[in-house]
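Numbering (our numbering), first residue to last: 70 to 414.
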Amino acid sequence: MIRVKVGQLLRLPSVLSEMGYRVIVPTESNGVTKFADFATDSGIDLHYVRAINAPRDFLLPDGEKLFSYRSTATVTSYGLKIRFPTVEGPCPVTINAEYTAPSGRIAFFAIHPCHANSIRYLDSVMLSDPADPYYRARRDGMLTVVMECEEGDDHCFCVPAESWELEEGYCDILVRRSGDGFLLQPRSEAGKKAASRLEAQEELGSIKERPPKMRTSFRIHASEEDIDRGEAKGIDSCTLCAACTVTCPTCYCSDIEDRFHLVDPSNVERVRKRMSCQRRCYSMIAGGNIFLKTKEDRYRWRLKHKFPFSSKAFGISGCVGCGNCIAFCPAGIDMRRTVGRGTNK
Ligand code: SF4
Ligand code: SF4
């Protein structure tokens with residue numbers, strides 16, 4: 070364990086950058102904290118409680134190009150003309166084998182324990198057989214500097230969600246505020262290597278993560294029956310803005326889109342775009358039928374996916390209790406009213 074002053078801690082992103090990482094840091098602008106690529110003039114926010122985005126946005130970026138292919142599409146005076154398979158033969162489309170996996174190693178600086186656990190959840194989804202090659206390429210070689218929270222805000226519930234502890238492999242350096250400085254506990258070889266490049270004072274002993282102070286205390290009851298029965302207060306006021314899923318560190322649902330360039334429509338890009346289960350089109354199938362018809366259907370579906378479905382499919386909860394879906398919901402919809410039981414809520 071080492072002790073550093075704030076200036077030394079703030080040197081760590083430069084150290085990681087010199088070690089060849091793409092470094093992602095929390096930055097603050099107009100009162101909103103957002104993770105962004107580190108630059109030497111980045112104003113790093115070490116005091117944030119909540120950020121509007123999460124490691125997911127870098128490991129599984131929205132709008133990622135998967136590959137490109139050549140099509141026989143042409144632009145006519147009637148618009149884009151695409152030749153589909155006919156009785157004369159299949160659609161003469163050639164898939165261009167120009168697939169390149171993303172390269173480079175990512176380091177996340179000063180993420181919180183709930184963020185580290187959101188990566189653990191995404192791993193269980195994206196790396197389960199068959200693993201997503203784009204996610205895997207970004208995930209391999211990742212380094213995390215996890216900064217403990219001392220106290221959550223009104224929306225945090227990582228303690229009831231049991232996501233403040235860190236599994237092995239999800240924290241390379243643990244950081245704790247201590248007096249006018251910080252304690253750093255490297256937990257991996259990569260973490261030790263990075264920490265050894267800081268001017269620091271060695272201290273005896275080690276630190277282990279500890280739970281932050283919560284402003285609310287309750288237990289989560291989130292079986293399918295609990296979610297069906299639970300209150301869905303305020304759901305009629307849902308604006309369908311999708312902020313709850315856009316800002317959720319564990320939401321990974323996506324849609325696939327083929328993008329034609331009007332100048333050269335024979336060149337097509339296949340793109341993976343984020344999709345929200347709170348939108349009507351999410352469950353629309355051919356013929357226009359929609360399975361999740363009402364706002365309440367979609368709300369309960371989101372909670373079922375987060376809790377019982379994820380536990381069954383991956384053996385891990387899909388909610389890390391960060392509270393973003395509550396904090397950023399313009400309609401004040403609070404899932405703790407549906408799945409939380411207990412005191413002081
Ligand atoms: S469901 Fe809400 S509280 Fe849970 S991880 Fe997503 S944004 Fe955070
Ligand atoms: S953030 Fe709130 S208002 Fe927006 S879609 Fe989600 S539940 Fe509805």
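Even for Gly, the Cβ is constructed at its ideal location relative to N, Cα and C. Small disclaimer: the values here were computed from a predicted structure and weren't measured.
With H, G and I counted as helix, E and B as strand and the rest as coil, what does DSSP make of residue i?
i, result
"Q270", "strand"
"Q77", "helix"
"F376", "helix"
"Y138", "strand"
"F178", "strand"
"T407", "helix"
"F397", "coil"
"M88", "coil"
"A105", "strand"
"P229", "coil"
"L253", "strand"
"E97", "strand"
"K302", "coil"
"R371", "helix"
"R341", "strand"
"E220", "strand"
"K414", "Since pLDDT at K414 reaches only 46, below the 50 mark, its modelled position is unreliable, and the value read off the structure follows with that caveat. Three-state result, K414: coil."
"I359", "strand"
State the Cα-Cα distance for the pair residue i and residue j, rounded to the nearest angstrom.
i, j, result
"D297", "R369", "7 Å"
"K414", "S140", "A caution first: K414 carries a pLDDT of 46, below 50, which makes its placement in the model unreliable, though a value can still be read off. Roughly 56 Å between the two C-alpha positions."
"A185", "V228", "14 Å"
"I276", "D327", "49 Å"
"C398", "G390", "15 Å"
"I175", "L212", "6 Å"
"R348", "L129", "20 Å"
"L191", "S146", "46 Å"
"S83", "S292", "45 Å"
"E268", "K282", "31 Å"
"G76", "R119", "23 Å"
"A415", "L85", "The structure shown has nothing for residue 415, since the chain only spans 70 to 414."
"L196", "L78", "32 Å"
"F360", "R367", "9 Å"
For residue i, is the beta carbon positioned less than 7 Å from some heavy atom of ligand 2?
i, result
"A312", "yes"
"T319", "no"
"A301", "no"
"I385", "no"
"T308", "yes"
"C391", "no"
"C388", "no"
"A123", "no"
"I402", "yes"
"P199", "no"
"P399", "yes"
What first and last residue would you give for the alpha helix (DSSP H) that runs through residue i?
i, result
"M195", "182–195"
"P202", "202–208"
"E258", "258–264"
"L128", "125–128"
For the beta strand (DSSP E) containing residue i, list its first residue and its last residue.
i, result
"E326", "323–329"
"V315", "From DSSP, V315 is part of no beta strand (DSSP E) but of the alpha helix (DSSP H) over 312–315."
"L243", "242–247"
"L212", "212–216"
Is residue i near ligand 1 - that is, is its Cβ less than 7 Å away from at least one heavy atom of it?
i, result
"T316", "yes"
"C394", "yes"
"K375", "yes"
When you measure from the CB of residue i to every non-hydrogen atom of ligand 3, does any distance come out below 7 Å?
i, result
"F136", "Looking for ligand 3 in the displayed structure turns up nothing; the ligands present are ligand 1 and ligand 2."
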